[in-house]
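For the sequence shown, this note's numbering begins at 2 and goes up steadily by one. The C-beta atom is built at its ideal place from N, Cα and C for all residues, glycine as well. Quantities reported herein were computed from a predicted structural model and do not represent experimental measurements.
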Amino acid sequence: MAVDAKLIKELREITQAGMMDCKKALEASNNNVDDAIVWLRENGLAKAAKKSDRIAAEGVTLAKQNDAAAVIIEVNSETDFVAQNAAFLAIIDEVATSLLTSKTTNLEEGLEVKTSTGETIKEVLVNATATIGEKIELRRFVLIQKTSDTTISLYNHANKRVSVLLEFAGNIDSADAYNVSMHVAAMAPKYKTMSEIPADFKESEMHIIKENAKEDPKLQGKPANIIENILNGKLSKRLAEISLEDQAFVVDESFKVGQFISSKKVSLKEMVRFEVGEGIEKVVTDFASEVAAQVAGN
């Protein structure tokens, strides 16, 4: 059947779908725009499902707050190009805003939170996958409810790939709190204090240190107790590198971060640092090999 070009234009403006997809939708829906929107949605969901097994290791992070809560999220895409797309960034903001109004504490519940459009976050992301053409997923988030005796500090790096959320017990000047947040973003501590570092990590690091020590000529011939002290010192130095409290404060290196926080008469309750793609195994595609495989297949 013939399809009115004006209807194709109208449908494209509403759905942002491609021209040919709009034409097919209208043909399948007897030129009924509402039915065509449903058709595109159904077919879009099907396309999105096919993308569900792809690896999304790019994306953005965002920390955001309102009067009642603060949230930090990571939403992934397949390419960095999409991560800079204005429509994608608007989706990120909508997801964060929606989570702020909820009381959810886990990802499964978070995906069912309703957005301002009435859709769930899961539905918004699936539709975004269909529209943008890449797998889009909410990977993780942390939501903290504010109280009168705590201070929240947020940091979002300019590249949108690193965000930090800190919760202090007590009241600390916002500029001081922000500087600590910026430090966390830059120095990437894994733990707030050395006491939080797991025993198995310490054992693994000591094993590595001892193996390296076997090849160190400076340790040859030294008494066992001296060697043990040196190795323990190396371990302490390594652990201090990943413990926020023990790191030199980037804003004022005369302080350890823990000393700086204590000087402000507060303590750090919560530290969350998200960096895009950390812990995700990325697949590097060899384009030449891929083409060769396709040719061989033909």
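- When secondary structure is reduced to three states using DSSP, Val114 falls in the coil class, being assigned neither helix nor strand.
- In the DSSP secondary-structure assignment, Arg13 is not bridged to any residue.
- In the structure shown, the three-state DSSP call for Val127 is helix.
- Under a 10 Å Cβ-count criterion, Thr132 is classified as buried, with 16 or more other Cβ atoms of the shown protein chains found around its own Cβ.
- When the five nearest sequence neighbours on each side are left out, the beta carbons in the same chain lying within less than 7 angstroms of the beta carbon of Thr194 are those of Ser244, Glu246, in order along the chain.
- Around the CB of Glu138, 16 or more other CB atoms lie within 10 Å, so the residue is classed as buried.
- A Cβ-Cβ separation of about 13 angstroms leaves Ser264 out of contact with Phe169 under the 8 angstroms criterion.
- Under the DSSP assignment, Glu168 falls in the beta strand (DSSP E) whose first and last residues are 163-170.
- Residue ranges of uninterrupted alpha helix (DSSP H) with 4 or more members, entirely inside the segment 65-124 and ordered along the chain, are 81-84, 87-101, 108-111.
- In the structure shown, Asn31 falls within a coil segment according to DSSP collapsed to helix, strand and coil.
- As the crow flies, the alpha-carbon of Ala3 is around 11 angstroms from that of Ile9.
- Of the candidates Val181, Ala84, Ser103, Thr151, Ala84 places its Cα closest to the Cα of Gly134.
- When secondary structure is reduced to three states using DSSP, Val181 falls in the helix class.
- The beta carbons of Val273 and Ile15 sit no closer together than 9 angstroms.
- At a Cβ-Cβ threshold of 9 angstroms, Ala214 and Ile227 do not count as neighbours.
- When DSSP states are grouped into helix, strand and coil, Ser268 belongs to the strand group.
- For Ser237, the uninterrupted alpha helix (DSSP H) segment begins and ends at 225-243.
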